[in-house]
Amino acid sequence: LRSSVDRGDGHVLYVLSGEGAGSVFVIDGRTGNIHVTKPLDREQKDQYKLVATATDRRTGRVLEASSQFTIRVQDINDNPPVFKHTHYIASVPERASAGTSVIQVTATDADDQSYGNSARLVYSVIQGQQYFTVDPQTGVVRTAGSDMDREHQSEYMVILEARDMAGHQGGLTGTTTITVHLSDVNDSPPRFTQRVWTFSVSELALPGAEVGRVSATDADVGENAELEFTFSDGDGGEMFNISRLDQEGVVILNQALDFETRSSYALSVEVQNPRVDMRFLRGGVFKDEAVVRIAVLNADEPPHFTRSYYTLNVTENCRAPCSVGRVLAVDPDTGHSTNIEYSIAPASDPGAVFRISPVSGLITAVKPLDREREQWHNLTVTAAQRDSPNQVTRVVVAIETLDVNDNPPELDGRYETAVCDTSTAGQVVQVIRATDRDEISSSSPVHFSVSPHSSLSLNFSTQPRGNHTANLLLLSSLKPLPRPGFSAVHTVKVPIILRDRASELSSTGTVTVTLCPCQNGGMWVEERRRGGAGETSADGDMLMDWDRQMVCSSPPASSMLLGFSSAAMLAILACSSLLMVVVVLSLSVRRKKSDSLSPVENDEIRENIITYDDEGGGEEDTAAFDITALKSVPHAIHTRGVGSVPLYGPMCYSIHAASGSPFGRCESRPDRDKPTHALPSAYTLGLGPGSALTEPAEECMRSDQNRNGDDVMLTKSLGGSDVITQDQ
Numbered sequence: 087l088r089s090s091v092d093r094g095d096g097h098v099l100y101v102l103s104g105e106g107a108g109s110v111f112v113i114d115g116r117t118g119n120i121h122v123t124k125p126l127d128r129e130q131k132d133q134y135k136l137v138a139t140a141t142d143r144r145t146g147r148v149l150e151a152s153s154q155f156t157i158r159v160q161d162i163n164d165n166p167p168v169f170k171h172t173h174y175i176a177s178v179p180e181r182a183s184a185g186t187s188v189i190q191v192t193a194t195d196a197d198d199q200s201y202g203n204s205a206r207l208v209y210s211v212i213q214g215q216q217y218f219t220v221d222p223q224t225g226v227v228r229t230a231g232s233d234m235d236r237e238h239q240s241e242y243m244v245i246l247e248a249r250d251m252a253g254h255q256g257g258l259t260g261t262t263t264i265t266v267h268l269s270d271v272n273d274s275p276p277r278f279t280q281r282v283w284t285f286s287v288s289e290l291a292l293p294g295a296e297v298g299r300v301s302a303t304d305a306d307v308g309e310n311a312e313l314e315f316t317f318s319d320g321d322g323g324e325m326f327n328i329s330r331l332d333q334e335g336v337v338i339l340n341q342a343l344d345f346e347t348r349s350s351y352a353l354s355v356e357v358q359n360p361r362v363d364m365r366f367l368r369g370g371v372f373k374d375e376a377v378v379r380i381a382v383l384n385a386d387e388p389p390h391f392t393r394s395y396y397t398l399n400v401t402e403n404c405r406a407p408c409s410v411g412r413v414l415a416v417d418p419d420t421g422h423s424t425n426i427e428y429s430i431a432p433a434s435d436p437g438a439v440f441r442i443s444p445v446s447g448l449i450t451a452v453k454p455l456d457r458e459r460e461q462w463h464n465l466t467v468t469a470a471q472r473d474s475p476n477q478v479t480r481v482v483v484a485i486e487t488l489d490v491n492d493n494p495p496e497l498d499g500r501y502e503t504a505v506c507d508t509s510t511a512g513q514v515v516q517v518i519r520a521t522d523r524d525e526i527s528s529s530s531p532v533h534f535s536v537s538p539h540s541s542l543s544l545n546f547s548t549q550p551r552g553n554h555t556a557n558l559l560l561l562s563s564l565k566p567l568p569r570p571g572f573s574a575v576h577t578v579k580v581p582i583i584l585r586d587r588a589s590e591l592s593s594t595g596t597v598t599v600t601l602c603p604c605q606n607g608g609m610w611v612e613e614r615r616r617g618g619a620g621e622t623s624a625d626g627d628m629l630m631d632w633d634r635q636m637v638c639s640s641p642p643a644s645s646m647l648l649g650f651s652s653a654a655m656l657a658i659l660a661c662s663s664l665l666m667v668v669v670v671l672s673l674s675v676r677r678k679k680s681d682s683l684s685p686v687e688n689d690e691i692r693e694n695i696i697t698y699d700d701e702g703g704g705e706e707d708t709a710a711f712d713i714t715a716l717k718s719v720p721h722a723i724h725t726r727g728v729g730s731v732p733l734y735g736p737m738c739y740s741i742h743a744a745s746g747s748p749f750g751r752c753e754s755r756p757d758r759d760k761p762t763h764a765l766p767s768a769y770t771l772g773l774g775p776g777s778a779l780t781e782p783a784e785e786c787m788r789s790d791q792n793r794n795g796d797d798v799m800l801t802k803s804l805g806g807s808d809v810i811t812q813d814q
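Sequential numbering of the sequence shown, starting at 87, is according to my numbering.
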């Protein structure tokens, strides 16, 4: 550098500052020449920015404005090309067509690409030129031909070179290595390792047993080497199967063999690839064939039953010993059954119900059979050769016990239901169903009836519904319980006779019917699930008719008082108290009058006691008892029970002299048919030896001559003891 004020007399001093000043670059202070003190590397720093200043050497005054300048480092070809990786791995299908792209590799040069040819690279193959080429500008590697066979050579080593200076002589170079793997294609057919295979198998071998193995090879790998074995031809192919296991075909026995029937088989087996590349079929079919010969070995076989499973039947109650049926086994080696011995496995017949003839195989029942107890008997019958006891065969014999109609029909369970005392004639009380331990069919229907020996046959009847069911009906309307507020329920047991019309066998069941005081007792009946212990049906339609029953239900005590106010309750209590006071005073006055009017005779004193349970209304109520009975006490001649408790509670019967019978019609029946129950619509009374009375009315009279010729009158009253009296 030189300042315009520098006259060459040395009074100007040049000073250098900036990047690299004093270390890389120095300036001659007298002349202004700039010098480099060390080698420069453009790849590290390609330029430097400096500032030169001219000053007075003596005073240090700046003589001229500072000058700023840049020093650029000029590039030279001092860096070779460098690949990103020193080793690459690539793959290409075998037999790929020429020009198939394999991989692209590139190199870089640190020299200045904008100056000269120092960074201009050219690619070339220096090893593997026979199989691969490279694009000199892009570095794309391609196949050179189409004859690369993986089965011959599976990988190749390729060396690429990158040269700068546009590939000219003297340029710097860099290299890399590429390993190229050939991927497999299905270009090789499978081949058997031998043309004929020979095996042997015993005739006792079971289906599924392995007979032998054939093997084949395939030069391909992976799915292209998968093999498929089949029997393509030959005799008896249905006797054997073949399956693949790796590179082998396993011959499996498909059916049982018999040396006496056939002793050898010859089969043609074929192997092929399940997937084939159509490009290579021009070289021939991708399959191979071989012959499999199988010899059947003779063996001492156990007996064979003529059936694999026997089903026999025998009628129950068959008189022992009873023939059931026969089983038969033969010796397959001889075809005869003379040397066969039969037996029954004890574990299959623990009760020793059956016996088998060891010679003929005839099975007999030696104990009574009951189908209802056990319908099927599964026996295990063994057949063994007498000369070879170890040769044993077993078979299952299923014996069915056929039904005989020897059981009567029965009610299918416990029946308990309820009806209101306001029920009318024709009402269905309960739907009942029959069951029979025998086989029930529509050809043998069940007949339902109320026992004629029961007085309840006058009040109940049955109506068939089909399907072994019937309705239990009321024959006559019921009457309300006689006393208002009477809340106790009454129960009767209706005897039902069930008869099988086919066998005439019959049984008697019972339907318990409870009478609910609905009118005067404030109760009602509601539907429940039969046998559900009060479980109400959420959806009655889901229940069968015979699974429903009615039960008596009482209203809650609180609900009976909900309609009364406090004032009304106080009024009721006050009236009740006043009524009780009036009754007590009335009874007291009546007793005093009786004591003052009745004469006392010491020689004729008697006490007249009439037992009754009815609650009366005082002196004014004379309808609750017979006033004449207080004046003339009847003489009790005998006492007996009526036979059972009537529906409305115990009943008193008395016999009095009577001249006529103005009441309703009376009936009589023998004592042996004496009813055991009574309903309010049909009262039954004992009349002495040989007769009984039934009348559907409140009271019943009958004129009859007893043994002494007296007229007899029968009256009925509720409550008290059962007493029969006769007037003298």
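Glycine included, each C-beta is placed from N, C-alpha and C at the ideal position. Predicted model, so just to flag it, every value in this text is computed and none were measured.
### Short Cβ contact (8 angstroms threshold) for H173 with T262
Reading the sequence shown from its first residue, position 87 is the one you call residue 173. Reading the sequence shown from its first residue, position 176 is the one you call residue 262. Yes; because the gap between Cβ atoms is below 8 angstroms, this pair is in contact.
### Task
Would you check if the distance between the CB atom of D273 and the CB atom of D363 is smaller than 8 angstroms?
By one-based count along the sequence shown, residue 273 stands at place 187. By one-based count along the sequence shown, residue 363 stands at place 277. The beta carbons of D273 and D363 sit closer together than 8 angstroms.
### Task
Check whether the region 380–393 touches the region 282–291, counting contact only when three or more Cβ pairs, one atom from each stretch, lie closer than 8 angstroms.
Contact holds: three or more Cβ-Cβ distances are below 8 angstroms.
### Segment contact flag, the region 146–161 with the region 207–218, C-beta cutoff 8 angstroms, min 3 pairs
Taking a cut-off of 8 angstroms for Cβ pairs, the region 146–161 and the region 207–218 do not touch, as fewer than three such pairs fall below it.
### Task
Look at the alpha carbon of F111 and the alpha carbon of V98, and state the distance between them as a whole number of angstroms.
Residue 111 sits at position 25 when you count from the first residue of the sequence shown. Residue 98 sits at position 12 when you count from the first residue of the sequence shown. Taking C-alpha positions only, F111 is separated from V98 by approximately 20 angstroms.
### Query
Looking only at C-alpha atoms, which of R379, V439, S434 sits nearest to N403?
Counting from 1 along the sequence shown, the entry for residue 403 is found at position 317. When each option's Cα is compared against that of N403, the closest is V439.
### Task
Look at R379 and T279 and say whether their C-beta atoms are less than 8 angstroms apart.
In the sequence shown, counting from the first residue as 1, residue 379 sits at position 293. In the sequence shown, counting from the first residue as 1, residue 279 sits at position 193. In this structure, T279 does not lie closer than 8 angstroms to R379 by Cβ.
### Task
Determine the direct distance from the alpha carbon of S329 to that of V282, and round the result to whole angstroms.
In the sequence shown, residue 282 corresponds to position 196, counting from 1. In the sequence shown, residue 329 corresponds to position 243, counting from 1. Each residue's Cα considered, the two are about 18 angstroms apart.
### Message
Within a Cβ cutoff of 6 angstroms, which residues of the same chain sit near S103, ignoring the five residues on either side of it in sequence?
### Response
Sequence index remark: in the sequence shown, residue 103 carries index 17 (1-based). Around S103: V137.
#### Entry: Contact set for L488: own chain, Cβ-Cβ below 6 angstroms, skip 5 residues either direction
Reading the sequence shown from its first residue, position 402 is the one you call residue 488. The beta carbon of L488 sits closer than 6 angstroms to the beta carbons of N399, T401 from its chain, once the five residues preceding and following it are set aside; these are given in chain order.
### Query
If you compare alpha carbons, which of G320, D321, F345, E312 is closest to G335?
Looking up residue 335 in the sequence shown gives position 249. Checked all of G320, D321, F345, E312; the closest Cα to G335 is E312.
#### Entry: Between the CA atoms of T139 and V101 - distance to the nearest angstrom
As a first step, residue 101 must be located in the sequence shown, where it is residue number 15. As a first step, residue 139 must be located in the sequence shown, where it is residue number 53. Rounded to the nearest angstrom, the two C-alpha atoms are 5 angstroms apart.
### Message
Per the DSSP calculation, E247 is bridged to which residue(s)?
### Response
As a position in the sequence shown, residue 247 is number 161, starting the count at 1. As a beta-bridge residue in DSSP terms, E247 pairs with S210, T261.
#### Entry: Candidates A196, G323, L268, Y134, of which the one nearest T186 by Cα
Locating residue 186 in the sequence shown gives position 100, counting from the first residue. Nearest C-alpha to T186: L268.
### Query
Do the CB positions of L465 and S434 come within less than 8 angstroms of each other?
Translated into positions along the sequence shown, residue 465 becomes position 379. Translated into positions along the sequence shown, residue 434 becomes position 348. A Cβ-Cβ contact shorter than 8 angstroms links L465 with S434.
### Query
If you draw a straight line from the C-alpha of R523 to the C-alpha of T555, how long is it?
What you label residue 523 is simply residue 437 of the sequence shown in a count that begins at 1. What you label residue 555 is simply residue 469 of the sequence shown in a count that begins at 1. Distance between the alpha carbons of R523 and T555 is about 16 angstroms.
### Task
On the DSSP bridge assignment, give the partners of K135 in chain order.
Position 49 of the sequence shown, counted from the first residue, corresponds to residue 135. Paired residues: T156.
#### Entry: heavy atom of the ligand HEM below 7 angstroms from T598 C-beta
With respect to small molecules bound, the structure shown includes none, and the ligand HEM cannot be examined in it.
### Query
Between L207 and Q133, what straight-line distance do the alpha-carbon atoms span, to the nearest angstrom?
Position 121 of the sequence shown holds residue 207. Position 47 of the sequence shown holds residue 133. Roughly 25 angstroms between the two C-alpha positions.
### Query
Any idea if F155 is buried or exposed, counting beta-carbon neighbours within 10 angstroms, 16 or more meaning buried?
Here residue 155 is taken as the residue at index 69 of the sequence shown, counted from 1. Answer is exposed; the Cβ neighbour count stays below 16.
### Task
Quick one: residues in its chain with C-beta nearer than 7 angstroms to the C-beta of L561, no 5 flanking neighbours on either side, listed in chain order?
Your numbering for residue 561 matches position 475 in the sequence shown. Apart from sequence neighbours up to five positions away, the residues of its chain that approach L561 with a beta-carbon distance below 7 angstroms are A511, L544, N545, F546, S547, ordered along the chain.
### Query
For N827 versus V597, is the C-beta spacing smaller than 8 angstroms?
The displayed coordinates of the chain run from 87 to 814. Any statement about residue 827 would go beyond what the structure contains.
### Message
Just to confirm my understanding: we take T303, look at its own chain, exclude 5 residues before and 5 after, and list those with CB closer than 6 angstroms. What are they?
### Response
Counted from its first residue, the sequence shown places residue 303 at position 217. Scanning its chain for C-beta atoms nearer than 6 angstroms, with the 5 sequence neighbours on each side dropped, one finds around T303 the residues R277, in chain order.
### Task
Pick out whichever of Q477, D374, E375 has its Cα sitting closest to the Cα of V416.
Working through the sequence shown from its first residue, we reach residue 416 at position 330. That would be Q477, whose Cα lies nearest to the Cα of V416.
### Bridge partners - S288, DSSP secondary structure assignment
What you label residue 288 is simply residue 202 of the sequence shown in a count that begins at 1. For S288, the beta-bridge partners assigned by DSSP are L383.
### Message
Per the DSSP calculation, S429 is bridged to which residue(s)?
### Response
If you number the sequence shown from 1, residue 429 lands on position 343. DSSP lists T468 as the bridge partner or partners of S429.
### Task
Determine, using beta carbons only, whether P538 and R587 come nearer to each other than 8 angstroms.
Walking along the sequence shown from the start, residue 538 turns up at place 452. Walking along the sequence shown from the start, residue 587 turns up at place 501. Their beta carbons are not under 8 angstroms apart, which means P538 does not touch R587 by this criterion.
### Message
Measuring only the C-alpha atoms, how far is E247 from Q358?
### Response
Counted from its first residue, the sequence shown places residue 247 at position 161. Counted from its first residue, the sequence shown places residue 358 at position 272. Rounded to the nearest angstrom, the two C-alpha atoms are 46 angstroms apart.
### Task
Work out the CA separation of V467 and R480 for me, nearest whole Å.
Residue 480 sits at position 394 when you count from the first residue of the sequence shown. Residue 467 sits at position 381 when you count from the first residue of the sequence shown. Between R480 and V467, the C-alpha separation is close to 6 angstroms.
### Task
Return the CA-CA distance between S589 and D456, expressed in angstroms with no decimal places.
The residue you call residue 589 lines up with position 503 of the sequence shown. The residue you call residue 456 lines up with position 370 of the sequence shown. Looking at the two C-alpha atoms, the distance is approximately 17 angstroms.
#### Entry: Those runs of the alpha helix (DSSP H) which lie wholly inside the region 447–535 and span at least 4 residues
Taking 4 residues as the shortest admissible run, the region 447–535 contains no complete alpha helix (DSSP H) segment at all.
### Span of the beta strand (DSSP E) around F218
By one-based count along the sequence shown, residue 218 stands at place 132. Note, F218: beta strand (DSSP E), 218–220.
### Collapsed DSSP secondary structure at A205 in the structure displayed
Along the sequence shown, read from residue 1 onward, the residue named residue 205 stands at position 119. In this structure, DSSP gives A205 a state outside helix and strand, which the three-state scheme calls coil.
### Query
Can you pull the DSSP bridge partners for A556?
Within the sequence shown, residue 556 is the residue found at index 470, counting from 1. A556 is bridged to I518, P550.
### Query
Hey, how far is the Cα of V675 from the Cα of L665?
Taking the sequence shown and counting its residues from 1, the one referred to as residue 675 is at position 589. Taking the sequence shown and counting its residues from 1, the one referred to as residue 665 is at position 579. One C-alpha to the other measures close to 15 angstroms.
### Query
Under a three-way DSSP split, which group does E150 fall into?
Taking the first residue of the sequence shown as position 1, residue 150 is located at position 64. If DSSP states are grouped into helix, strand and coil, E150 belongs with the strands.
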